[in-house]
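J.: What follows is a single structure, and I will ask about it in a moment.
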Amino acid sequence: MENGFVSPRSETFPAGLRVLVVDDDPTWLKILEKMLKKCSYEVTTCCLAIDALDILRKRKDRFDIVISDVNMPDMDGFKLLEHVGLEMNLPVIS
1 MENGFVSPRS ETFPAGLRVL VVDDDPTWLK ILEKMLKKCS YEVTTCCLAI DALDILRKRK
61 DRFDIVISDV NMPDMDGFKL LEHVGLEMNL PVIS
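UniProt numbering puts the sequence shown at residues 1 to 94.
This is the structure we're talking about:
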């Protein structure tokens, strides 16, 4: 609420959304984590796509969405999207 105004959008914001963020750049990873936590999201971060896949395979029911960088050293975001799409029913933003 700013200046007594409540945005109708803020009332419908999905607080508690469980997000997995994947980025090999630690600075961007921290920035995204901080921004998402301000939205009351539960955030898990990961630096490598292969590690993200491992986490998702073991705990896919613990996430609502994956946000991934496209250019990463071990696997690009599109390949990660392909794996997630084939193996689990989770939306991915690359």
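Even glycine gets a Cβ: it sits at the ideal position worked out from N, Cα and C.
What distance in whole Å lies between the Cβ atoms of isoleucine 50 and isoleucine 67, which are believed to be in contact at a cut-off of 8 Å?
T.: Indexing the sequence shown from 1 puts residue 67 at position 67. Indexing the sequence shown from 1 puts residue 50 at position 50. That belief does not hold up - the Cβ atoms of isoleucine 67 and isoleucine 50 are roughly 17 Å apart, past 8 Å.
J.: Which of the three DSSP states, helix, strand or coil, is assigned to cysteine 46?
T.: Here the question's residue 46 lines up with position 46 in the sequence shown. The DSSP-derived three-state label of cysteine 46 is strand.
J.: Quick check for students: name the residue ranges of the beta strand (DSSP E) that lie wholly in the UniProt domain "Response regulatory" (18–94), counting only runs of 3 or more.
T.: DSSP runs (the beta strand (DSSP E)) wholly in the UniProt domain "Response regulatory" (18–94): 18–22, 42–46 and 65–68.
J.: If we ignore side chains and look at the alpha-carbon of each, how far apart do aspartate 32 and lysine 79 end up?
T.: The residue labelled residue 32 in the question sits at position 32 within the sequence shown. The residue labelled residue 79 in the question sits at position 79 within the sequence shown. Reading the sequence as shown, one finds leucine at residue 32 and not aspartate. Going by the C-alpha atoms only, they are around 21 Å apart.
J.: Compare the beta carbon distance of cysteine 47 and leucine 36 with 8 Å and say whether it is the shorter of the two.
T.: On the sequence shown, residue 47 is found 47 positions in, with the first residue counted as 1. On the sequence shown, residue 36 is found 36 positions in, with the first residue counted as 1. Contact flag unset, no.
J.: Do the CB positions of arginine 18 and aspartate 64 come within less than 8 Å of each other?
T.: In the sequence shown, residue 18 corresponds to position 18, counting from 1. In the sequence shown, residue 64 corresponds to position 64, counting from 1. At the C-beta level, arginine 18 and aspartate 64 come within 8 Å of one another.
J.: Should threonine 45 and valine 84 be called a contact, given that it needs their Cβ atoms to be closer than 8 Å?
T.: Within the sequence shown, residue 45 is the residue found at index 45, counting from 1. Within the sequence shown, residue 84 is the residue found at index 84, counting from 1. No, the Cβ-Cβ distance between threonine 45 and valine 84 is not below 8 Å.
J.: Could you give the distance in angstroms between the alpha-carbon of alanine 15 and the alpha-carbon of valine 43?
T.: As a first step, residue 15 is located in the sequence shown; it is residue number 15 there, counting from the start. As a first step, residue 43 is located in the sequence shown; it is residue number 43 there, counting from the start. Alanine 15 and valine 43: Cα-Cα distance of roughly 11 Å.
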